[in-house]
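So this is what it looks like as structure tokens:
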């Protein structure tokens, strides 16, 4: 069930709607907030919007890497089982 949350990321307050539980939202917001603050510490001239985009790019990169790793594991599992994937 969708719920409305007011979150704060890098001192920016946002309203979001999510199916996630309050604990999940809190964990995600905490991770994003830490990443954005870390970017701002390393690059103080980086704006909050730029930090958000860099976080999104990092997330997408990590997701693609995980998808590729999963495909390899899946392929290996089928090969070891003596089957071919359709």
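In this note's numbering, the protein residues as written are 242 to 327.
By construction, the Cβ of each residue, glycine as well, lies at the ideal position given by its N, Cα and C atoms.
Excluding the 5 residues preceding and the 5 following residue i in the sequence, name in chain order all residues of the same chain whose CB lies nearer than 8 Å to its CB.
i, result
"residue 281", "251, 287, 289 and 292"
Thinking residue i and residue j are a contact (beta carbons under 8 Å), I'd like their distance in whole angstroms, please.
i, j, result
"residue 243", "residue 259", "7 Å"
"residue 276", "residue 296", "5 Å"
Measuring straight from C-alpha to C-alpha, what distance separates residue i and residue j?
i, j, result
"residue 313", "residue 271", "31 Å"
"residue 319", "residue 310", "14 Å"
"residue 308", "residue 294", "21 Å"
"residue 316", "residue 253", "43 Å"
"residue 283", "residue 299", "15 Å"
Please go through the same chain and pick out, in chain order, the residues whose beta-carbon is closer than 7 Å to the beta-carbon of residue i, but skip the five residues on each side of it.
i, result
"residue 278", "251"
Give me, in chain order, the residues of the same chain whose beta-carbon lies closer than 6 Å to that of residue i; leave out the 5 immediate sequence neighbours on both sides.
i, result
"residue 247", "256"
Within 7 Å: the Cβ of residue i and any heavy atom of the ligand NAP?
i, result
"residue 254", "No copy of the ligand NAP appears in this structure; indeed no ligand is present at all."
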